[in-house]
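What follows is a short report on a single structure.
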Amino acid sequence: MKICVIGGGGFRVPMVYGALLDRAARLGIGEVALYDTDIGRMERILPVLHGLGAERGRRLPLVVTTDLDEALDGADFVFCAIRVGHLEGRVVDESVPLQTSVLGQETIGPGGIAFALRTMPVMRQLAERVAVRAPDAWFINFTNPAGLVTEGIQDILGARVLGVCDSASSLCRRVAGVLDRPASGLRFDYFGLNHLGWLRGVYDGDRDLLPALLADESQLARLEEGRLFGAEWLQTLGMIPNEYLMFYYFAAETVAVLRSGFEPRGATLQRQQRAFYAASEVRPVEALAAWRRTRRERERSYFSEARLATGARAGDGPDGGQDGYEREALAIVEAIVSDEPRVLIVNTPNRGALPFLDDEAVVEVPCVVDGGGARPLAVGVVPAHARALIETVK
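Numbered according to numbering that gives the first Met the number 0, the sequence shown spans residues 0 to 393.
Here it is, written out as structure tokens:
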């Protein structure tokens with residue numbers, strides 16, 4: 000099996016490569032092709048990958064290229080994570096709206112729209128090339144805004160494109176951790192759009208465990224979303240919102256924090272990654288250590304503006320942090336390759352899952368994933384306020 004990674008010089012590529020290493024034998028992965036328009040970024044990432052391979056005692060054949068056709072030829076799966084305009088573009092997307100006291104965020108509001116408009120032409124060009132050079136490949140999209148981008152290339156790649164984001168599934172795993180249950184043994188009733196969703200139920204068989212969790216403020220305090228939104232807010236909703244709902248429910252408070260001189264997320268990442276990519280460690284051990292230091296800094300600053308806006312503290316309990324989209328991507332690959340059905344939260348055409356949206360609208364809901372791709376499960380009636388927000392944004 001050949002995996003092509005578009006955006007091969009991206010900072011999160013080592014996370015994807017590590018996941019591929021762990022599953023290479025089981026999935027029969029024989030080659031990984033990294034494609035990027037910036038050879039320098041790939042040359043900086045390559046020793047990190049070699050460090051991971053040396054650490055784990057196994058490697059995968061790697062092809063590093065700026066030739067898209069070479070990367071795509073023979074690919075069974077194409078992973079795509081690009082940032083058109085680089086982090087400099089994100090800084091602009093986030094800072095310009097703030098000048099008029101409007102929230103600027105990577106995937107939300109005018110910043111998200113600007114990012115999507117800048118990204119879509121490039122993504123469509125890539126998708127058209129995939130359709131020619133690797134027509135039978137599955138296209139796993141990580142590129143933000145994930146829902147919009149996935150929807151924007153459906154007409155080119157059809158059912159073979161699936162959008163992946165780690166925020167919904169990470170929420171589910173955090174809740175499972177607080178409940179002291181393995182996530183694999185629970186069924187999660189989640190619905191919405193990318194970065195705009197709610198966890199409505201957590202089922203052990205026919206028993207919903209969520210009402211008891213919502214009633215227990217001490218348990219909610221162990222959950223990142225409980226600290227962000229507060230117990231009273233979650234109890235009023237009767238659901239647990241995706242963390243990105245912070246930017247809707249507490250938009251004014253977040254704007255106030257950002258206008259007070261707090262460094263926006265894009266500027267933080269730009270500063271951290273400039274230092275990493277400008278460094279010159281070429282020995283794999285040193286390069287891997289430098290990457291891990293930068294990743295720790297990245298994770299410490301994640302959602303810091305939201306915590307400050309609500310007075311929430313950072314947690315170090317069982318809820319953990321971000322899991323990373325590579326886990327979701329490899330779960331999809333495993334389900335497709337094995338043709339063994341798994342229920343995974345995926346960005347995919349609605350097809351009736353949310354009955355108030357068009358069938359072609361991409362939603363983020365639990366899907367049955369197997370060798371035939373992803374089939375969304377029906378969500379049914381959703382609370383009026385959630386429907387109103389989804390319809391407004393969509």
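All C-beta atoms, glycine included, are put in the ideal place defined by N, C-alpha and C.
Could you check if residue i is buried or exposed, using at least 16 other CB atoms within 10 Å of its CB as the buried criterion?
i, result
"residue 168", "buried"
"residue 5", "buried"
"residue 189", "buried"
"residue 390", "exposed"
"residue 231", "exposed"
"residue 316", "Confidence at residue 316 is low in this model, with a pLDDT of 41, below 50, so the placement of that residue should be treated as unreliable; the coordinate-derived value is given next. It is exposed - the Cβ of residue 316 has fewer than 16 other Cβ atoms within 10 Å."
"residue 355", "exposed"
"residue 403", "Nothing can be reported for residue 403: it is not among the residues displayed for the chain, which extend from 0 to 393."
"residue 310", "exposed"
"residue 406", "It is not possible to answer for residue 406, since the shown part of the chain is limited to 0 through 393."
"residue 27", "exposed"
"residue 385", "buried"
"residue 54", "exposed"
"residue 39", "exposed"
"residue 383", "exposed"
"residue 166", "buried"
"residue 49", "buried"
"residue 251", "exposed"
"residue 371", "exposed"
"residue 68", "exposed"
"residue 235", "exposed"
"residue 92", "buried"
Please list the terminal residues of the continuous beta strand (DSSP E) segment that includes residue i.
i, result
"residue 293", "Note, residue 293: premise wrong, no beta strand (DSSP E); alpha helix (DSSP H) at 283 to 299."
"residue 332", "Element bounds for residue 332: not the beta strand (DSSP E) but the alpha helix (DSSP H), 324 to 337."
Note down, in chain order, each residue of its chain lying with its Cβ closer than 6 Å to the Cβ of residue i, except the 5 sequence neighbours on either side.
i, result
"residue 395", "Since the displayed the chain opens at 0 and closes at 393, residue 395 lies outside it and no answer follows."
"residue 320", "A caution first: residue 320 carries a pLDDT of 44, below 50, which makes its placement in the model unreliable, though a value can still be read off. Correct list, in chain order: 298."
"residue 164", "145 and 193"
"residue 104", "110 and 246"
"residue 46", "281, 283 and 286"
"residue 61", "31"
"residue 202", "186"
"residue 108", "102"
"residue 308", "249, 252, 253 and 256"
"residue 79", "5, 140 and 142"
Using a Cβ-Cβ cutoff of less than 7 Å, which residues in the same chain neighbour residue i once the five nearest sequence positions on both sides are dropped?
i, result
"residue 238", "197, 198 and 199"
"residue 14", "323 and 325"
"residue 329", "18 and 22"
"residue 318", "Its pLDDT being 43, under 50, residue 318 is placed unreliably by the model, and nothing is read from it."
"residue 278", "289"
"residue 36", "65"
"residue 377", "351 and 352"
"residue 394", "As displayed, the chain neither begins before 0 nor continues past 393, which places residue 394 out of reach and without an answer."
"residue 267", "300"
"residue 338", "369 and 370"
Between which two residues does the alpha helix (DSSP H) harbouring residue i extend?
i, result
"residue 46", "38 to 55"
"residue 171", "166 to 177"
"residue 89", "85 to 97"
"residue 265", "264 to 277"
"residue 380", "First-last for residue 380: undefined, no H or E at that position."
Tell me the DSSP bridge mates of residue i?
i, result
"residue 34", "5 and 64"
"residue 346", "162 and 363"
"residue 307", "Answer by DSSP bridge pairing: none, since residue 307 is not bridged."
"residue 373", "368"
"residue 201", "187"
"residue 156", "Residue 156 is not bridged to any residue."
"residue 82", "Bridge partners of residue 82: none, in fact."
"residue 341", "368"
"residue 76", "2 and 137"
"residue 196", "191"
Return the chain-ordered list of same chain residues with a C-beta closer than 8 Å to the C-beta of residue i, the five sequence neighbours on each side being excluded.
i, result
"residue 275", "10, 43, 289, 290 and 293"
"residue 148", "115, 118, 119, 122, 140, 142 and 162"
"residue 153", "160, 348, 359 and 361"
"residue 57", "20 and 23"
"residue 97", "103, 254, 257, 258 and 263"
With a threshold of 8 Å, establish whether the CB of residue i neighbours any heavy atom of the ligand ATP.
i, result
"residue 353", "Here there are no bound small molecules, and the ligand ATP is not part of this structure."
Determine whether the Cβ of residue i lies closer than 9 Å to any Cβ atom of chain C.
i, result
"residue 114", "Given the protein chain composition of this structure (a single chain), no chain C is represented."
task: Could I get the ranges of all uninterrupted alpha helix (DSSP H) runs contained in the stretch 105 to 152, with 4 residues as the minimum, in chain order?
output: The qualifying runs are 108 to 132 and 145 to 151.
Every unbroken beta strand (DSSP E) within the stretch 204 to 261, with a cutoff of 3 residues, ordered by chain: Taking only runs of at least 3 residues, no beta strand (DSSP E) segment lies wholly in the stretch 204 to 261.
query: At which residue ranges does the stretch 0 to 31 contain complete alpha helix (DSSP H) runs of 4 or more residues, listed in the order of the chain?
result: 12 to 26, all fully within the stretch 0 to 31.
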